[in-house]
Every structure is written in structure tokens, then in C-alpha cells.
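Visitor: If you count by the numbering used here, then the sequence shown holds residues 11 to 387, one letter each, in order.
Glycine included, C-beta positions come from ideal geometry on N, C-alpha and C.
Source: prediction; values computed, not measured.
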Amino acid sequence: MGNYKRRMIWFSEIRWDFLMTRKQQILKRFPKYWKILFIEPVVLGKKTHFIPKRENNIYIVTIPYLRGSNKNFLSKFISNNGIVSVFIKTFGELIALFWIYILGFSGKDKVVALSSIHWGDFASKLKAKVKFYDCNDDHLKFAENCPWAREFLLRYLKTCNFMTYVSEELDKKIQEICCIESFFVGNGVDFEHFNKRKESPEVIQKIKRPIIGYAGTIDYIDTSLLSLIAEKYKDFSIVLIGPEIRGTFIINFIKKEKYPNIYYLGKIDYEDLPGFVQNFDVAIIPFRKDEISKSLNPNKLYEYLAAGLPVVTMDYSAKFRELNNVIYVARDREEFVEMIRKALRDKKVEERSETAKGYDWNMKTKQLIEIIQNYLC
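(1) Going by C-alpha distance, which of N67, M30, T31, I248 is nearest I19?
(2) Apart from the five residues just before and just after I105, which ones in its own chain have a Cβ nearer than 8 Å to its Cβ?
(3) Compute the Euclidean distance between the alpha carbons of K388 and T58, then round it to the nearest angstrom.
(4) Alpha helix (DSSP H) containing M374: first to last residue?
(5) Taking K268 as the reference, give the member of G252, G257, E241, L54 with the closest Cα.
(6) In chain order, what are the residue ranges of uninterrupted beta strand (DSSP E) at least 3 long that sit wholly in the segment 237-280?
(7) Relative to the C-alpha of V287, which candidate in D148, I261, H203, M324 has its C-alpha closest?
(8) In the DSSP assignment, the alpha helix (DSSP H) including A353 goes from what residue to what residue?
(9) Can you tell me whether N384 is buried or exposed, with buried defined as 16 or more other CB within 10 angstroms of its CB?
(10) Pop quiz: V195 and L378 are said to be a contact at Cβ under 8 Å. What is the actual Cβ separation, rounded to whole angstroms?
(11) For E313, tell me which candidate among G257, E380, G223 has the shortest Cα-Cα distance.
(12) So for V199, helix, strand or coil by DSSP?
(13) Is L113 closer than 7 Å to V122 when the C-beta atoms are compared?
(14) Spell out a yes or no on whether the segment 289-299 and the segment 223-237 are touching, meaning 3 or more CB-CB pairs, one atom from each, closer than 8 Å.
(15) Among all the DSSP beta bridges, which residues are the ones paired with G223?
(16) Distance check for P308 and V336, CA to CA, integer angstroms please.
(17) How many Å lie between K45 and R17 at the Cα?
(18) Just to confirm, are S327 and K352 a CB contact at a threshold of 7 Å?
(19) Taking the alpha carbon of T169 as the point to measure from, which residue in C145, K182, V140, D181 has its own alpha carbon closest?
(20) In or out: G252 buried (at least 16 other Cβ within 10 Å) or exposed?
(21) By DSSP, does K141 sit in helix, in strand, or in coil?
(22) Buried or exposed, going by whether 16 or more other CB atoms sit within 10 Å of the CB of F60?
(23) From the DSSP output, in three-state form, read off N80 for me.
(24) By DSSP's criteria, Y338 is part of a beta bridge. Which residues make up the other side?
(25) With C-beta atoms as the reference, is A366 less than 7 Å away from V199?
(26) Which ranges would you report for the beta strand (DSSP E) in the segment 95-144 if only whole runs of at least 3 residues count?
(27) Any chance you could list the alpha helix (DSSP H) runs of at least 4 consecutive residues sitting entirely within the segment 154-199, in chain order?
(28) Please confirm whether Y43 and K63 have their CB atoms less than 7 Å apart.
(29) Taking buried to mean at least 16 other C-beta atoms within 10 Å of its own C-beta, is F97 buried or exposed?
(30) Are the Cβ atoms of I217 and S247 separated by less than 7 Å?
(31) Taking T72 as part of the alpha helix (DSSP H), name the residues at either end of that continuous run.
(32) At the level of alpha carbons, what is the spacing between N171 and Q185?
(33) Is K299 helix, strand or coil when you go by DSSP?
(34) Let's test the definition: count the other Cβ atoms within 10 Å of the Cβ of P284 and tell me whether it reaches 16, buried, or not, exposed.
(35) Please report the distance separating the alpha-carbon of N271 from that of Q35.
In C-alpha cells:
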């Protein structure tokens, strides 16, 4: 193991370079004596790491694997063709075993963490001192068109020591599948990164104030709600920041609806993001209300608060209602729109920032490490 005292393999549902999510935030804060292998999925048209990339004590490798669904012709073909499915699964597992051995992660003396349920069957067979499932989203709902996802997750859960979860709703869903010891390790924020004042980027300085802003994955936005906001606040600017999973989803929407007050700035590097967010006058979380949103506890909520911004959102989950003393929680679209004007007058900057301090990633990482250590003893 060299200079490393501990080893961990993390099977991830998203790419390392996609967005700065809880996985990257937590793993980057692990002590340097932890050697970590981060296995990420292939996403067509996106950067891959078929040859492992190293960031300090973390090794990132891209491995093609079985992720069937009904989203497109290729996915349908894979899902419905047993021979092809077995081939892709076996091919991916052989590559995984190769890198696990070459990079020094073989043997039982390691921790296995999983947030990609598609790897559940493979991960259930790996030897490890400790195994856990990080339930950071409604993974089964996202994979509902994948016929083997539930069974793969169940196989893995039966070999797990514990599970971490980000909302009570998610814990309840998993407990219905498999009774497992669980710990709440919610999402959080790099407080100093978002709280410390940054220089305003030129591109946002040119946009008319006040600014109603959103920063996050674009595809989850409720465009019907966005339309109501754009029509109600025609003299305001609506700034959207973040990557699109579906390509030109939001650009097509803006062109079709012809909203001159909506500005889509694309994905902004995480290091530069606070400079944009701090220029919002009101921050919004305008997601669709559906089964997936019922278990929401997004990082952006705490990032907005760390920046001292008034936040308008909906009562998606218990976590939002719990924070209704520092954020504006609407019951429906109409109330959401009306709350924006009220939020503009809100001056409780320090109260919001103080709230965000309690969700710093350093605390979350320490909590997870302590849980793991208790099982290693």
C-alpha cells in the first residue's frame, strides 16, 4: 500500500469533471493517507479517462458499463438484447478488475462505496472490509427503465455495512427494499468558496439588474414556471448557469418562447462560479414537482445561502420546509412567482450565511470518515 494506510473504491453515477457534486467535495477532503479509485461512467461526446488520471491521492478512470434504459435506440437495443447486455457487462467488469489490480486496489483490505446502482452486482462480489451505499439521489427513479437496476442494488445492499442518505424520503425508500443501518450525511457547501467576495465577471456586469438567478443542472428546470417568472418580471433579468444533459434543451426553449430577459450563460467553471452567483439579487430553485423532487436536498441551496442570497423555492421535500425561516418556500408556481418580489426586499444576509456554515463540506467529510472508521475497528 506504500504510504497509504487506507484504500477505497467509489463507483460513481456521474463523471468526475461533470459538476462539483458531493462525491468530489467529500473525496477531495479525505486525508492523503487514503488512496481512492473513482470509477466514472462513459458519456458520449464527453471527456473520458480510459487511461487513469491522478489528482493527488485520487485515481479517476472511465469504464464503459451496462446502463440500459429506453431513452434512445441504442439504449433500448442494449436493454432488450440479452447477449449484448451480458457482453457489455462482462467487458466492463474485466476492465474494472484490470485497473483495480494494476492500481493496487485488489484484496480485502479496502472500503467499497457505491452511488451508481448499475455497478451493484459487480460491487456486491468484491472483497472489502467495509461496504456502503451513498444514496444521494433517487437512483431507482432515474433508472426505472432499466430492468436490472433494482435487483443489482438489492444484491449490493445485502453485502453492505451501512448506507448514507441525504434526505429522510430517500432513507425510507431504501429501507422498504432492504433493512440496512443508515446515517444522514446531507449535502453541503464549500462555505469559504461561496461566502468570500469575488470579482464580478464582465459578462454578468453587462446584464441589467435586478437579476433572478439559477446555477445548477439545467435539465431539471420547470419551463412552465420559468415562463411565469419571465412574463411577470419583464423588467428583470433571469440568468441561468449550468450544464445541459440534453444538449440544447434550454436554448431551444428560449428561442421558441422568445424571452429577451432570459440569459443562458452555459456551464461555468466551479472556481469562477461564486463570482457569478454573488451577483444574483434573488436565487431560485425552479424544479419540476415530481417523484424525484420529493427527496431533494441540493447543494445549490447551501451555496446560495453561503453567498448571503435570498432563496425562493418550492416545498419539494422536508429539508426545504425545515429551512423556511431563512428561505422562501412556495406551495405552487403562482406563489413561487409572488415570493420573488418579497425576497428582493429581504436583508437577512448574515442570518443566511450563518445557517450555511453548519453545512460545510469539511464537517460532512469528517462525519463520513468517522462512520467508516467505526466499521473498520
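Guide: Let me spell this out:
(1) As a first step, residue 19 must be located in the sequence shown, where it is residue number 9. Considering only N67, M30, T31, I248, the residue with the shortest C-alpha distance to I19 is N67.
(2) Here residue 105 corresponds to residue number 95 of the sequence shown, with the count starting at 1. The residues I73, P74, in chain order, have a CB closer than 8 Å to that of I105 in the same chain once the five nearest residues on each side in sequence are set aside.
(3) With the chain represented from 11 up to 387, any question about residue 388 goes unanswered, as that position is not in the structure.
(4) The residue you call residue 374 lines up with position 364 of the sequence shown. According to the sequence provided, residue 374 is Lys. The question's Met does not apply to it. In the DSSP assignment, K374 falls within the alpha helix (DSSP H) that extends over 371-386.
(5) Start at 1 with the first residue of the sequence shown, and residue 268 comes out as number 258. The option with the nearest alpha carbon to K268 is E241.
(6) Listed in chain order, they are 247-251, 272-274.
(7) Taking the first residue of the sequence shown as 1, we reach residue 287 at position 277. It is H203.
(8) Looking up residue 353 in the sequence shown gives position 343. Run containing A353: 343-354, per the alpha helix (DSSP H) assignment.
(9) Position 374 of the sequence shown, counted from the start, is the residue given in the question as residue 384. The residue is exposed, with fewer than 16 neighbouring Cβ atoms inside 10 Å.
(10) Here the question's residue 195 lines up with position 185 in the sequence shown. Here the question's residue 378 lines up with position 368 in the sequence shown. For a cut-off of 8 Å, the C-beta gap from V195 to L378 is around 5 Å, short enough to register as a contact.
(11) Position 303 of the sequence shown, counted from the start, is the residue given in the question as residue 313. Distance check between E313 and each of G257, E380, G223 places G223 closest, using alpha-carbon atoms only.
(12) Here residue 199 refers to the residue found at position 189 when the sequence shown is read from its first residue. Look at V199 here: in three-state DSSP terms it is strand.
(13) Numbered from its first residue, the sequence shown carries residue 122 at position 112. Numbered from its first residue, the sequence shown carries residue 113 at position 103. The Cβ atoms of V122 and L113 do not sit closer than 7 Å to each other.
(14) Inter-segment contact for the segment 289-299 and the segment 223-237 is present: three or more beta-carbon pairs are separated by less than 8 Å.
(15) What you label residue 223 is simply residue 213 of the sequence shown in a count that begins at 1. Listed as beta-bridge partners of G223 by DSSP are V249, A293.
(16) Position 326 of the sequence shown, counted from the first residue, corresponds to residue 336. Position 298 of the sequence shown, counted from the first residue, corresponds to residue 308. Cα atoms of V336 and P308: separation of roughly 16 Å, rounded to the nearest angstrom.
(17) The count along the sequence shown starts at 1 and reaches residue 45 at position 35. The count along the sequence shown starts at 1 and reaches residue 17 at position 7. Rounded to the nearest whole angstrom, the C-alpha separation of K45 and R17 is 5 Å.
(18) Locating residue 327 in the sequence shown gives position 317, counting from the first residue. Locating residue 352 in the sequence shown gives position 342, counting from the first residue. The answer is no: Cβ separation not under 7 Å.
(19) As a first step, residue 169 must be located in the sequence shown, where it is residue number 159. Considering only C145, K182, V140, D181, the residue with the shortest C-alpha distance to T169 is V140.
(20) In the sequence shown, residue 252 corresponds to position 242, counting from 1. Buried, because 16 or more other Cβ atoms sit within 10 Å of the Cβ of G252.
(21) As a first step, residue 141 must be located in the sequence shown, where it is residue number 131. Secondary structure of K141 (DSSP, three-state): strand.
(22) For the purposes of this step, residue 60 is taken as residue 50 along the sequence shown, with counting starting at 1. Within a 10 Å sphere around the beta-carbon of F60 sit fewer than 16 other beta-carbons, which makes this residue exposed.
(23) If you number the sequence shown from 1, residue 80 lands on position 70. Residue placement at N80 is flagged as unreliable, the pLDDT there being 47, under the threshold of 50; the coordinate-derived value follows with that caveat. In the structure shown, N80 sits in coil (DSSP, three-state: anything other than H, G, I, E or B).
(24) Counting from one through the sequence shown, the residue named residue 338 turns up at place 328. BP columns for Y338 point to V322.
(25) Within the sequence shown, the letter at position 356 stands for residue 366. Within the sequence shown, the letter at position 189 stands for residue 199. Taking 7 Å as the cut-off, the Cβ atoms of A366 and V199 count as close.
(26) The DSSP assignment places complete beta strand (DSSP E) segments of no fewer than 3 residues inside the segment 95-144 at 121-124, in order along the chain.
(27) Those alpha helix (DSSP H) runs which fall completely within the segment 154-199 and span 4+ residues are 159-167, 178-187.
(28) Within the sequence shown, the letter at position 33 stands for residue 43. Within the sequence shown, the letter at position 53 stands for residue 63. With contacts defined as CB atoms closer than 7 Å, Y43 and K63 fail to qualify as a contacting pair.
(29) Reading the sequence shown from its first residue, position 87 is the one you call residue 97. So F97 counts as exposed.
(30) Stepping through the sequence shown from its first residue, residue 217 is reached at position 207. Stepping through the sequence shown from its first residue, residue 247 is reached at position 237. The Cβ atoms of I217 and S247 sit closer than 7 Å to each other.
(31) Translated into positions along the sequence shown, residue 72 becomes position 62. T72 -> not in any alpha helix (DSSP H); beta strand (DSSP E) instead, spanning 68-72.
(32) Taking the sequence shown and counting its residues from 1, one reaches residue 171 at position 161. Taking the sequence shown and counting its residues from 1, one reaches residue 185 at position 175. Taking the CA atoms as reference points, N171 sits about 14 Å from Q185.
(33) What you label residue 299 is simply residue 289 of the sequence shown in a count that begins at 1. The three-state secondary structure of K299, taken from DSSP, is coil.
(34) For this step, residue 284 is matched to residue 274 along the sequence shown. Counting Cβ neighbours within 10 Å, P284 comes out buried, since at least 16 surround it.
(35) On the sequence shown, position 261 is the one that residue 271 refers to. On the sequence shown, position 25 is the one that residue 35 refers to. Each residue's Cα considered, the two are about 33 Å apart.
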